[in-house]
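One structure below.
Protein chains: 2
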Amino acid sequence: MGCGMATPPEQENESTSALEGLERQIVDLFVDGVRVLGLPRSIGEIYGVLFISPTPLALDDLVEKLDISKGSASQGLRALKGLGAVREVEGNGERRTYFEPAVDLKRLVGGFIREQVRPHIESGKKKISKLAEAAREEPDPERRAFFQERVARIDNWTRRGGQVLPLLQRILGE
Amino acid sequence: MGCGMATPPEQENESTSALEGLERQIVDLFVDGVRVLGLPRSIGEIYGVLFISPTPLALDDLVEKLDISKGSASQGLRALKGLGAVREVEGNGERRTYFEPAVDLKRLVGGFIREQVRPHIESGKKKISKLAEAAREEPDPERRAFFQERVARIDNWTRRGGQVLPLLQRILGE
DNA sequence: GCGTTTGTTCAAACTTTTTTGAACAAACGA
DNA sequence: TCGTTTGTTCAAAAAAGTTTGAACAAACGC
Chain A
28 MGCGMATPPE QENESTSALE GLERQIVDLF VDGVRVLGLP RSIGEIYGVL FISPTPLALD
88 DLVEKLDISK GSASQGLRAL KGLGAVREVE GNGERRTYFE PAVDLKRLVG GFIREQVRPH
148 IESGKKKISK LAEAAREEPD PERRAFFQER VARIDNWTRR GGQVLPLLQR ILGE
Chain B
28 MGCGMATPPE QENESTSALE GLERQIVDLF VDGVRVLGLP RSIGEIYGVL FISPTPLALD
88 DLVEKLDISK GSASQGLRAL KGLGAVREVE GNGERRTYFE PAVDLKRLVG GFIREQVRPH
148 IESGKKKISK LAEAAREEPD PERRAFFQER VARIDNWTRR GGQVLPLLQR ILGE
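Those protein sequences? They're chains A and B, same order as listed.
For the first sequence, the numbering used here begins at 28 and goes up steadily by one.
For the second sequence, the numbering used here begins at 28 and goes up steadily by one.
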């Protein structure tokens, strides 16, 4: 390390600049959270910063606070918008667009289900009907019966899954 | 292993050997399924093969059918046992251990929640109480109020999450 | 028009996770 | 005891997923 009085450079005095205490903890918590959901780290970071910010933030604020690239910030915001977890703030005379987090669980869960869960259930349904067909074609009667039982079971799972989701949303929606 | 009677190797005429039609489709379906849950591909493959097999299978059967390494099969089976998604079949006079899948949704969902979800909720709780502390220490009253509101909100989320899980299990449990 | 600011895109670099395979251990029969 | 079968471990290789950054586009004021 250099000589006396090392450069104190950094230090944006704005609400911008690096993360401090509470912010860091919140961001870490959300990083963990989205990881469980199978979403990338940067998504958690961005949502976390927005969540604990008293005011809306713009893309560049995120880049600076989190020390991530513009590319990451842009993609992360897009994903969060898609999930309905972040919205653009309207009607400030500014040129930049500012973002704020959606903070009610109903909306968050709903977005996740819509974007990440439903599509798989949908594509799964198609595969299952193909499966049923394949099972019907098994020549050996004993094996056929077994296969059909298993396929029926999967079908039942997805059916129940499909029923649970709206229920879930209702419960969490309060 | 010596002389005459040339090894007639390849071509297991058994239920073993490579995947065929229906099996392939089932395996693909489960690969997709576990991917949504954030579990590795081989887990889905292994569970899929067991799920559609009329008889229990041993580790070597999986290695052969799926063309994966013994290491993968061993680790995958361990994970599946941990999730309660697979069990060892008892009391066949054999030396090898055979496996069969758990096929009721309640058990499967329960295992997943226990292994993959609860631990995160637990560790989250600790972080949240640290968070509440940090929020209390914010000097500026306005910011403090805001931070406390946000922390309370997260706390509420986890509380509700914790309530939903047993409910979920009950509903799916039939 | 021109220069600036703001934001997007996407191939390549990087990181993380998963799989492999060779070495090892345990259990068994001969 | 020894050789064989069965299964586990873990460092290294491969695959998958994420982030970066430079090039590009759009919107704006002058």
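Note that CB positions come from ideal geometry on N, CA and C, so glycine has one too.
Quantities reported herein were computed from a predicted structural model and do not represent experimental measurements.
Determine the closest residue to residue i out of the options, with distance taken between C-alpha atoms.
i                        : options                                : result
leucine 77 of chain B    : B:Gln143, B:Val130, B:Gly118, B:Gly188 : B:Val130
leucine 135 of chain A   : B:Ile181, B:Glu142, B:Leu66            : B:Ile181
proline 202 of chain B   : A:Thr185, A:Ala179, A:Phe174           : Residue 202 of chain B is absent from the structure shown; chain B starts at 28 and stops at 201.
leucine 104 of chain B   : B:Gly118, B:Asp94, B:Glu117, B:Tyr125  : B:Tyr125
glycine 138 of chain B   : B:Thr185, B:Gln196, B:Arg163           : B:Gln196
alanine 112 of chain B   : B:Arg68, B:Lys154, B:Gly75, B:Ile155   : B:Gly75
lysine 108 of chain A    : A:Arg141, A:Pro168, A:Glu50            : A:Arg141
isoleucine 53 of chain B : A:Glu169, A:Ser156, A:Leu194, A:Pro166 : A:Ser156
serine 96 of chain B     : B:Pro83, B:Ala172, B:Ile73             : B:Ile73
alanine 159 of chain A   : A:Ser69, A:Leu86, A:Val178             : A:Val178
glycine 60 of chain A    : B:Glu169, B:Val144, B:Pro168           : B:Val144
arginine 51 of chain B   : B:Arg123, B:Ile79, B:Leu84             : B:Ile79
alanine 106 of chain A   : A:Glu176, A:Leu49, A:Gly71, A:Asp167   : A:Gly71
valine 63 of chain A     : B:Ile198, B:Leu49, B:Gly151            : B:Gly151
leucine 49 of chain B    : A:Ala85, A:Lys154, A:Ser101            : A:Lys154
Where does residue i land, buried or exposed, given buried means 16+ other C-beta within 10 angstroms?
i                       : result
glycine 203 of chain B  : Chain B is shown from 28 up to 201; residue 203 of chain B falls before or after that span and cannot be answered.
aspartate 88 of chain A : buried
lysine 92 of chain B    : buried
arginine 163 of chain B : exposed
glutamate 47 of chain A : exposed
glycine 118 of chain A  : exposed
glycine 65 of chain B   : exposed
proline 146 of chain B  : exposed
proline 128 of chain B  : buried
Quick check on residue i - is its C-beta less than 8 angstroms from some C-beta in chain A?
i                            : result
glutamine 52 of chain B      : yes
lysine 133 of chain B        : no
arginine 180 of chain B      : yes
arginine 145 of chain B      : no
phenylalanine 173 of chain B : yes
valine 153 of chain B        : First, the amino acid is wrong: residue 153 of chain B is lysine here, not valine. It does not; no Cβ of chain A falls within 8 angstroms.
arginine 68 of chain B       : no
arginine 170 of chain B      : yes
Determine the chain B residues that contact residue i at a beta-carbon separation under 7 angstroms, and present them in chain order.
i                      : result
alanine 106 of chain A : What alanine 106 of chain A touches in chain B: nothing, since even the nearest Cβ is about 16 angstroms away.
leucine 84 of chain A  : The premise fails here: leucine 84 of chain A is roughly 14 angstroms from chain B at the closest Cβ pair, so nothing lies under 7 angstroms.
Check whether the Cβ of residue i lies closer than 7 angstroms to any heavy atom of the ligand GDP, and answer yes or no.
i                      : result
leucine 192 of chain A : Ligands in the displayed structure: none, and consequently the ligand GDP is not present.
Which chain B residues are close to residue i, counting only those with a beta carbon under 9 angstroms from its beta carbon?
i                       : result
aspartate 87 of chain A : Correct list: empty, because the minimum Cβ distance to chain B is about 22 angstroms.
lysine 92 of chain A    : Those within 9 angstroms of lysine 92 of chain A in chain B number zero; the least Cβ separation is about 16 angstroms.
Apart from the five residues on each side of it in sequence, which residues of its chain come closer than 7 angstroms, Cβ to Cβ, to residue i?
i                         : result
glycine 200 of chain A    : Lys133
isoleucine 148 of chain A : Thr185, Gly188, Gly189
serine 69 of chain B      : Ile95, Ser99, Gly103
proline 83 of chain B     : Val116, Tyr125, Phe126, Glu127
Does residue i come within less than 8 angstroms of chain B when only Cβ atoms are used?
i                         : result
alanine 161 of chain A    : yes
isoleucine 198 of chain A : yes
glycine 65 of chain A     : yes
leucine 195 of chain A    : yes
lysine 157 of chain A     : yes
leucine 56 of chain A     : yes
Going along chain A in order, which residues have a C-beta closer than 7 angstroms to the C-beta of residue i?
i                       : result
glycine 109 of chain B  : The contacting residues do not exist; glycine 109 of chain B stays about 17 angstroms from chain A at best.
arginine 187 of chain B : Leu132, Leu199
arginine 177 of chain B : Phe78, Ile79
glycine 48 of chain B   : Ala161
Which same chain residues end up closer than 8 angstroms to residue i when comparing Cβ atoms and leaving out the 5 residues on each side of it in sequence?
i                         : result
leucine 194 of chain A    : none
leucine 56 of chain A     : Gly75
proline 168 of chain B    : none
isoleucine 198 of chain A : none
Among residues of its own chain, excluding the 5 on either side of residue i, which ones have a beta-carbon nearer than 6 angstroms to its beta-carbon?
i                       : result
arginine 171 of chain A : Glu165
alanine 85 of chain A   : Arg123, Tyr125
valine 90 of chain A    : Lys97, Ala100
Find the residues of chain A that neighbour residue i, judging by a C-beta separation of less than 8 angstroms, and give them in chain order.
i                     : result
valine 191 of chain B : Leu195, Ile198, Leu199
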